[in-house]
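Below: the structure, in structure tokens.
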């Protein structure tokens, strides 16, 4: 079946006309979505969105973060918002419109990546990205995730070109875009370690030249460091640390460890957080430590030490079970679950029932959620299942054609799924949506061409 594929895999480039079509289509879809969003701060600025907004405004007006803890986050999205506020004022509409325009460029980049398989795949991939629910939904939120996708997808394109050519120029571009992406979200901070090995290996395999391989690796690392250098200098100067952020400890203490406890010990997530916070405070006080007087990075180290020690006392099977569950949910969760309009429809908290088994959680949802919400979720689940089946088809197809490309695709997806672990939300799938889109397009194009060929034979 696979060896007689009807898709002609000839690397190419999208025409300027096709690039414009993809971009315009993506802009129109996103602006329609923005037009349907209530432009109310109370609606849009929930959870982390308010944190980003308040700190960007403080950064613009005073040159400092509004709260000390935010000084430990990556500054890319704060700076982006502050820049837009400087031009348009504190306008939520302006932010969402500009994000729509930028996310449309991300869709073009997805098409350009797909075109390295074939122009047909690239064209369809770009158009599918234009209407891809997770991309559309996240572009209309005041969160760093959508903005992160622009440099990250550009890095993916540059990486594909480097794998094709072994050119040091493309290694430099990949590094520069990756550094820019890390400036927005620290979730990608471990990728340079793996990618530099890949850069050196590709150069060695292509040209059998150790010097050129090491040179390409060096250029890649320097390029990654360029966008990060000012932030690292600030952290070394002010906090005497080379760490990029002080988020790791809070992430472990208030999200990861409670997620494992909630899933494996049958307690609610809020209860687990409260229990761990009290245990952490008691532990630090017994050691004579005052976390309130510590700087953000010292406090972060204390939280990490406590959280890792707590995890080390848990049965490995519990941790693996919780991680596996979270990874599966993040891979399959319908994107509509991240839409603020859907989230504001009457429904019980799925996170709040994490202590129950899956059957009980679903039954509770069916009983408590509004009919409109259930209909929206049902449509999302059906779409997610169909998309996943096509993506699996596309992956098997890709593996038969190029094992190393399939391996890299899986490695990239596993990286982000492992990072998010037991914490679940559709946005955690966002970094590898370009891969899923292209896999789905490979399946769609192959099935479509086979059906056309079969129809032609019958005629």
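Numbering (the numbering used here), first residue to last: -13 to 445.
Positions of the beta carbon are idealized from the N, C-alpha and C atoms, including for glycine.
Item	Value
Range of the contiguous alpha helix (DSSP H) that encloses residue 250	243 to 251
Residue 20, enclosing alpha helix (DSSP H) - first and last residue	2 to 21
Rounded Cβ spacing between residue 345 and residue 304 (contact assumed at less than 8 Å)	Not really, about 20 Å apart at Cβ, beyond 8 Å.
Nearest-angstrom Cα separation, counted from residue 78 out to residue 328	20 Å
Sub-8 Å separation of residue 174 and residue 133 beta-carbons	no
Backbone CA spacing between residue 46 and residue 1 [nearest angstrom]	40 Å
Burial state of residue 42, where buried means 16 or more other Cβ atoms lie within 10 Å	buried
Cβ-based neighbour list, residue 153, same chain, cut-off 8 Å, excluding 5 preceding and 5 following	147
Endpoints, alpha helix (DSSP H) assigned at residue 123	119 to 125
Length at least 4, wholly inside the region 150 to 229: the alpha helix (DSSP H) runs in chain order	154 to 170, 177 to 193, 196 to 225
Member of 439, 141, 371 whose CA lies at the smallest distance from the CA of residue 317	371
Complete alpha helix (DSSP H) runs within the region 54 to 137 (minimum length 4 residues, chain order)	62 to 74, 78 to 101, 105 to 116, 119 to 125
Opening and closing residue of the alpha helix (DSSP H) in which residue 447 lies	There is simply no residue 447 to check, as the chain begins at -13 and stops at 445 in what is shown.
As assigned by DSSP and simplified to three states, the class of residue 431	helix
Short Cβ contact (8 Å threshold) for residue 283 with residue 269	no
Beta-carbon proximity of residue 423 to residue 114, cut-off 8 Å	yes
Touch test, the region 237 to 251 against the region 297 to 315, Cβ-Cβ under 8 Å, three pairs minimum	yes
Expected contact under 8 Å - CB spacing of residue 412 and residue 324 to nearest Å	4 Å
Where residue -5 sits in the DSSP three-state scheme	coil
Whole-Å CB distance - residue 202 paired with residue 157, under 8 Å assumed	5 Å
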